[in-house]
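Novice: Encoded as structure tokens, here's the structure I'll be asking about.
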Amino acid sequence: MNMSRRRVLGLGGALAVSAGLSGLTACSSEARVGSLGDPAKGDITVWSWAGPAAEMRALVPKFNELYPGIKVTVQDIGNPAIWDKITTSMAAGGAGLADVLHIGVDYLPAYTDRFPGQLADLSALGAGKYQTAFPEGLWRTVSSKGSRIDALPWEANSGGFYYRADVFEDAGVDVAALETWDDAVEAGLKIKEKTGKHLLGIDKPASQQDSANFFQLLLQLQGSTYFNLDGEIMVSSPQAVRAMTLIKRMNDAGLVNDISGGMNVLISSIKSGTAAVLPWPTWFGDEIEEAVPGEAGLWGVRLPPTVRPGGTNVATVNSTHLAISGTSHQQAAAWNFVEFVLTRPQSQVEIYKNKGIAPALLAAYEDPFFHQPSKFFSGQKKGEIFYKALSTDSQAFNYTSDYARALKAVTDAQTRVLLRGADPATELRRAADQLAAQTARKVAQ
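Structural data, given as structure tokens:
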């Protein structure tokens, strides 16, 4: 199992760097000033991690067929080590910062808010022409400040609903008939009675920073997250209370198994068949296939149920992007590489084939590879299922520079609800007040 595939992204992607960020600001007297440089030659460095780094490195020979004068060095910094490295360089006015930076959606606002000018405005490099090439919500997320474009979308993961088809069949439950999560709870009760299996798993004591994954999915299925677009706190909103109350209902009914301990525990639970459902994003399908290859044909995948009748079952729950350093003196050459990797369908298809990294580039899904039946997932066309989600009108979410604080407050509240039986509304209001005191942000009414 390649643990690096558990890329700490927007859905519960904990900003381990946030504590350092909160005490750092770019010093204008020391900040370096970048330049375009020669678009056809020069040396550029790319910072990424594990699989994505390997895939970009594999594309360099093809890139050099078009740009033989540009030398590209892709460095695997590691995740989460890359966030500290970017932070340290930005705090030093851009000293030592790579030309191209791979950044998670939850980190982007922290860098742009606290280190203005440290990321290049890609609109000046021509990125605006690709606005319709990516989902609208993702585009708005990377271009939230007027006409400025901070990054170009790469990976886009939609919320998924992976399930053991044989378990549902044994329990006499039609998984296609689950319209809402209330329906899923009722199905879970039947599954528990008939098979003894839980409905799903949650890291109840929040042993890992991404233990609020499911809660955040339920929020986004309601068009909400921890902050609204004005930056006001939403962790005690009616949508949040509804989501946490649903989780408490599942837990009180004995439908939630504890998967505290990280990825190894989660994989072990999959191998032992503890739960019938894995409400994880696009990328997790590859993890399931790798963990239990002998269960081909026993699994299925669909988009998640809605939270409320008539609601949406679509949510882009996490994403990553490529940005260019604002202090780089090779910005034009760096842009040519970013453009080659992210806007060329062939590049994205190759990356998906090799690493299962779901492209944000909509044109990539025209490739036949995304429309092939999956032997593992009972002949379903997994690529088409997630493309449907990605191509549906999507919302932009404001993660803000205080996402990490919100995540900590929410996970603490969830733990009290799951382990102590605390009231969801009370705990989320406490979390909102705590977050307001820490950030001076207003709690949305």
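The numbering of the sequence shown is my numbering, which starts it at 1321 and goes up by one. C-beta: ideal position from N, C-alpha, C; glycine also. Predicted model only: the values in this text are computed from it and were never measured.
Looking at V1634 and T1712, is the spacing between their C-beta atoms short of 9 Å?
Specialist: Closer than 9 Å, so yes.
Novice: Tell me whether A1678 is buried or exposed, calling it buried when 16 or more other Cβ atoms sit within 10 Å of its Cβ.
Specialist: Per the 10 Å Cβ criterion, buried.
Novice: Rank M1570, F1697 and A1563 by C-alpha distance to the C-alpha of P1613 and give the top, closest one.
Specialist: Cα-wise, what sits closest to P1613 is F1697.
Novice: Would you tell me roughly how many angstroms separate the C-alpha atoms of W1501 and A1724, rounded to the nearest one?
Specialist: Computed Cα separation, rounded: 27 Å.
Novice: Can you give me the Cβ contacts of L1445 inside the same chain, cut-off strictly under 6 Å, excluding the 5 residues immediately before and after it?
Specialist: Answer for L1445: W1655, listed in chain order.
Novice: Do E1607 and L1379 count as a contact pair if the criterion is CB distance below 9 Å?
Specialist: The answer is no: Cβ separation not under 9 Å.
Novice: Leaving aside the five residues before and after Y1707 along the sequence, list all residues of the same chain whose C-beta is less than 7 Å from its C-beta, in chain order.
Specialist: Closer than 7 Å at Cβ, skipping near neighbours: Y1685 and F1690.
Novice: Grouping DSSP H, G and I as helix and E and B as strand, with all else coil, what is S1667?
Specialist: Helix, per DSSP.
Novice: Give the secondary structure of H1649 by DSSP, where H, G and I count as helix, E and B as strand, and everything else as coil.
Specialist: H1649 falls in the coil class under three-state DSSP.
Novice: Considering only residues of the region 1454-1497, which uninterrupted alpha helix (DSSP H) runs meet the minimum length of 4 residues and lie entirely inside it, listed in chain order?
Specialist: With a minimum length of 4 residues, the continuous alpha helix (DSSP H) runs that stay inside the region 1454-1497 are 1456-1462 and 1485-1490.
Novice: Is the region 1650-1666 close to the region 1555-1568, with three or more CB pairs under 8 Å?
Specialist: No, they do not touch.
Novice: Roughly how many angstroms separate the alpha carbons of V1763 and S1667, rounded to a whole number?
Specialist: Distance between the alpha carbons of V1763 and S1667: 43 Å.
Novice: Would you kindly work out how many angstroms separate the C-alpha atoms of C1347 and T1759, rounded to a whole number?
Specialist: Residue placement at C1347 is poorly supported in this model, since its pLDDT is 48, which falls under 50; the coordinates still yield a value, given next. Roughly 22 Å between the two C-alpha positions.
Novice: Specify, as a first and last residue, the run of the alpha helix (DSSP H) that R1740 falls within.
Specialist: Per DSSP, R1740 belongs to the alpha helix (DSSP H) from Y1723 to R1740.
Novice: Between the Cα of L1538 and the Cα atoms of L1356, T1408 and P1601, which residue gives the shortest distance?
Specialist: It is P1601 whose Cα lies nearest to the Cα of L1538.
Novice: Between the region 1581-1594 and the region 1455-1467, are three or more C-beta pairs nearer than 8 Å?
Specialist: Taking 8 Å as the limit for Cβ pairs, the verdict is that the region 1455-1467 does not touch the region 1581-1594.
Novice: Out of W1369, L1509 and I1364, which one is the CA nearest neighbour of N1284?
Specialist: Here the chain covers residues 1321 to 1765 and nothing more, so residue 1284 does not appear.
Novice: On the CB-based measure, 16 or more other CB atoms within 10 Å of its CB, does T1393 come out buried or exposed?
Specialist: It counts as exposed.
Novice: In chain order, what residues of the same chain have a beta carbon less than 8 Å from the beta carbon of Y1483, not counting five sequence neighbours either side?
Specialist: Once the five neighbours on either side are set aside, the close Cβ partners of Y1483 are V1495, A1596, V1597, L1598, W1619, G1620, V1621 and R1622.
Novice: For Y1395, write down the residues that DSSP places opposite it in a beta bridge.
Specialist: According to the sequence as given, residue 1395 is Gln; it is not Tyr. Q1395 pairs with W1367.
Novice: Straight-line CA distance for K1449 to N1577?
Specialist: Roughly 47 Å between the two C-alpha positions.
Novice: In whole angstroms, what separates the C-alpha of G1551 from that of N1718?
Specialist: Distance between the alpha carbons of G1551 and N1718: 7 Å.
Novice: Please go through the same chain and pick out, in chain order, the residues whose beta-carbon is closer than 7 Å to the beta-carbon of Q1715, but skip the five residues on each side of it.
Specialist: Contacts found: G1457 and G1543.
Novice: Between which two residues does the alpha helix (DSSP H) harbouring V1585 extend?
Specialist: M1583 to S1592 is the extent of the alpha helix (DSSP H) around V1585.
Novice: If you follow the beta strand (DSSP E) that N1638 is part of, which residue opens it and which one closes it?
Specialist: Note, N1638: beta strand (DSSP E), T1636 to I1644.
Novice: I need the DSSP call for I1423, collapsed to helix, strand or coil.
Specialist: Three-state DSSP puts I1423 in a strand.
Novice: Check the DSSP bridge columns for P1601 and list the partner residues they point to.
Specialist: Per DSSP, G1479.
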